[in-house]
Structure formats: structure tokens, C-alpha cells
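Encoded as C-alpha cells, the structure appears first; notes follow it.
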Amino acid sequence: MPSDPTPYSIDPEGLRLAVRLTPRGGRDAVEGVIAGADGRPVLALRVAAAPVDGEANAALIAFLAKALKLRKRDVAILSGETGRLKILRLSGDGAVLAGRLAAWIGAAMPGPA
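When the letters of the sequence shown are read in order and numbered with the numbering used here, they come out as residues 59 to 171.
Next comes the structure, spelled out in C-alpha cells:
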């Protein structure tokens, strides 16, 4: 089990976020934090866009920017442009971004029954 259960790390430029993206997911949605193949936590997201000509990546950037109240240019894919597993940079105050991200994930996930 990972020592840090969050799919992000704060660094001097903002936040590095690990994402597992499902394109053609029917709608843009948060699926939750899951364990990646290596056991590290990743944020599972889905977008309606197809993985053609960068459409799914553009939809991911727009989805995150809108949800976290960022400009699109403040969301960048650092690695994984052609794969489902991606590392993104969210530029800004890391602590503020971490709070927004945690609130967004919490609001998107159903509570206990």
C-alpha cells in the first residue's frame, strides 16, 4: 500500500497529478482514486471525446481546467500523451490546488449509503 494515498504531489510550480483517462467514456466524469498497475494512486477520469487527433487530451485539459477554476494553459500533460496513464502539471499555488482537487473529487464521489 502506498504511503501517500493521493494521486498528486505538490512541487514549486504547482501540482503534479497522475491520471488514468478513459476516452469515449460517454460523459466527462470522475471515477475516483484507484491504484495504478504499480500500486500508486491515480485519479481515474473519463471523457466523452475519442482518442483521435488529441481530442481526448484536449477534453481532459478542458475538464480539469473548468473543474479546478484554472486557465487551460495552466494544465499541461507532462507525460503519457498517447497512453491512458498521464502525468499532468497544474500550475499555481500547490496547496490551494490540492484543496480544490480534494473538494472536487469528494463532491464527485457518492457518499456512503
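Think of the CB as a built atom: it goes at the ideal place given N, C-alpha and C, for glycine as much as any other residue.
Buried or exposed by the 16-neighbour rule on C-beta atoms within 10 Å, applied to Ile119: Buried, since its Cβ has 16 or more Cβ neighbours within 10 Å.
Those residues which DSSP pairs with Gly90 across a bridge: Looking at the DSSP assignment, Gly90 forms a beta bridge with Ala102.
Those residues which DSSP pairs with Asp69 across a bridge: Gly72, per the DSSP bridge assignment.
Identity of the residue in Val105, Gly94, Asp69 nearest Gly84 by Cα: Considering only alpha carbons, the answer is Val105.
Helix, strand or coil at Arg147 according to DSSP, with G and I counted as helix: Under the three-state reduction of DSSP output, Arg147 falls in the strand class.
At least three beta-carbon pairs within less than 8 Å, the stretch 89 to 96 to the stretch 109 to 124: In the pairwise beta carbon analysis, the stretch 89 to 96 is classified as not touching the stretch 109 to 124: fewer than three pairs are separated by under 8 Å.
Cβ neighbours of Pro60 in the same chain (closer than 7 Å, five flanking residues each side left out): Interpretation of Pro60 is limited by its pLDDT of 44, a score under 50 that renders its predicted location unreliable; the figure taken from the coordinates is listed afterwards. Excluding residues within five positions, the ones whose Cβ falls inside 7 Å are Gly97, Arg98, Pro99.
Status (buried if at least 16 other CB within 10 Å, exposed otherwise) for Gly72: By the Cβ-count criterion, Gly72 is buried, with 16 or more other Cβ atoms from all chains shown falling within 10 Å of its own Cβ.
Beta-carbon contacts of Ala171 that lie in its chain and below 7 Å, excluding the five residues immediately before and after: With a pLDDT of 48 at Ala171, under the threshold of 50, the modelled position of this residue cannot be trusted; read the value that follows with caution. Excluding positions up to five away in sequence, the list is empty.
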